[in-house]
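In the working numbering, the protein residues as written are 7 to 313.
Okay, so here's the structure we're looking at.
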């Protein structure tokens with residue numbers, strides 16, 4: 007493929023803002039990651055569809071990201087096209103007790119809007135630093151609840167740029183899982199079915215959760231959220247701490263000394279540093295407890311050449 011030809015096609019098609027060799031450190035909450043060959047920021051569903059169709063026509067691999075939480079981009083970066091659903095892709099509408107949002111909307115922001123309108127069911131999401139699309143894809147959850155409990159439907163775009171509506175029951179939700187983790191597709195928008203609730207009661211609960219997060223999680227340092235899924239009948243953080251790994255460093259990456267299921271960037275951490283800590287924690291926990299730690303974080307991209 008001729009790079010200039012594909013770049014020109016993107017420009018001519020009108021797919022939103024286009025950046026070349028864009029560092030992914032600017033687009034992940036870990037502040038880690040090599041460059042993306044092509045990086046576009048569509049503002050409408052139509053622009054997104056054009057970008058996906060063009061990538062298919064030119065045989066260019068594509069990756070969609072939201073707000074960059076729960077994401078580790080390797081040091082060699084991403085080949086092909088990266089599509090970011092961002093603040094311009096975040097329109098929300100309210101109809102009775104139903105909230106509908108484009109996929110780039112912050113799930114925290116959406117939960118806040120629900121509380122404002124005295125609609126309950128999304129309060130658990132006020133501490134999840136991701137987008138609506140990402141939350142649906144991974145069935146994000148906290149405080150004993152998760153997206154699958156409130157999702158009505160999601161509009162999903164396929165590789166041809168066509169959109170189909172998937173009902174919640176179509177998505178085969180499980181713990182931190184939906185079918186979209188295994189099948190290609192882009193969540194474009196989602197509708198949530200909520201219930202009338204007391205605004206002050208919800209605000210009080212959110213404040214209590216926020217205080218707990220501040221006391222137990224390393225919120226002042228770049229991180230991706232939880233690195234590992236909890237094994238059945240166990241907690242990843244407790245296993246890592248009991249294995250003596252809390253506070254362990256590799257370069258500027260550290261298993262947080264505040265919460266062992268967080269890896270923080272203390273300055274100039276590289277993806278290779280984070281991956282070493284991930285693999286080391288998995289190995290030690292396996293040897294000590296006979297349990298497998300599965301990553302919750304999505305790992306994409308290429309290792310750095312010569313690395």
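Ideal placement from N, C-alpha and C gives every residue a C-beta, glycine not left out.
Because the structure is a prediction, the values reported are computed rather than measured.
Where the beta strand (DSSP E) through residue i begins and ends
| i | result |
| --- | --- |
| residue 163 | 157-163 |
| residue 118 | Premise fails: residue 118 lies in the alpha helix (DSSP H), 113-122, not in any beta strand (DSSP E). |
| residue 197 | 192-199 |
| residue 259 | 259-261 |
| residue 6 | For residue 6 there is no data in the structure shown, the boundaries of the chain being 7 and 313. |
| residue 24 | 23-29 |
Start and end residues, alpha helix (DSSP H) containing residue i
| i | result |
| --- | --- |
| residue 210 | 205-222 |
| residue 279 | 277-295 |
| residue 246 | 242-248 |
| residue 13 | 9-19 |
Cut-off 7 Å between Cβ atoms - residues of its own chain near residue i, not counting five sequence neighbours on either side
| i | result |
| --- | --- |
| residue 285 | none |
| residue 34 | 74, 77, 79 |
| residue 308 | 80, 82, 83, 85 |
| residue 275 | 38, 257, 258, 259 |
| residue 2 | Since the first and last residues shown for the chain are 7 and 313, residue 2 lies out of range. |
| residue 42 | 28, 30, 83, 84, 88 |
| residue 19 | 56, 60 |
| residue 295 | 245 |
| residue 149 | 130, 215 |
| residue 199 | 103, 104, 156, 158 |
Residue i (DSSP reduced to helix, strand or coil)
| i | result |
| --- | --- |
| residue 104 | strand |
| residue 269 | strand |
| residue 69 | strand |
| residue 64 | helix |
| residue 130 | helix |
| residue 233 | coil |
| residue 303 | coil |
| residue 54 | helix |
Residue(s) in a DSSP beta bridge with residue i
| i | result |
| --- | --- |
| residue 152 | 147 |
| residue 38 | DSSP lists no partner for residue 38. |
| residue 90 | 71 |
| residue 180 | 183 |
| residue 308 | 83 |
| residue 202 | 125 |
| residue 254 | According to DSSP, which records beta bridges pairwise, residue 254 is partnered with nothing at all. |
| residue 99 | 106 |
| residue 46 | 24, 89 |
| residue 77 | 304 |
| residue 166 | In DSSP, residue 166 forms no bridge with anything. |
| residue 137 | 112 |
Residue i burial status per 10 Å Cβ neighbour count (16 or more: buried)
| i | result |
| --- | --- |
| residue 271 | buried |
| residue 90 | buried |
| residue 173 | exposed |
| residue 181 | exposed |
| residue 279 | buried |
| residue 241 | exposed |
| residue 190 | exposed |
| residue 283 | buried |
| residue 238 | exposed |
| residue 135 | buried |
| residue 60 | buried |
| residue 220 | exposed |
| residue 214 | exposed |
| residue 202 | exposed |
| residue 129 | buried |
| residue 112 | buried |
| residue 17 | exposed |
Own chain residues within Cβ distance below 6 Å of residue i, not counting five before or after
| i | result |
| --- | --- |
| residue 53 | 21, 22 |
| residue 229 | 268, 270 |
Neighbourhood of residue i by C-beta distance below 8 Å, restricted to the same chain and skipping five residues each side
| i | result |
| --- | --- |
| residue 252 | 246, 261, 262, 263, 266 |
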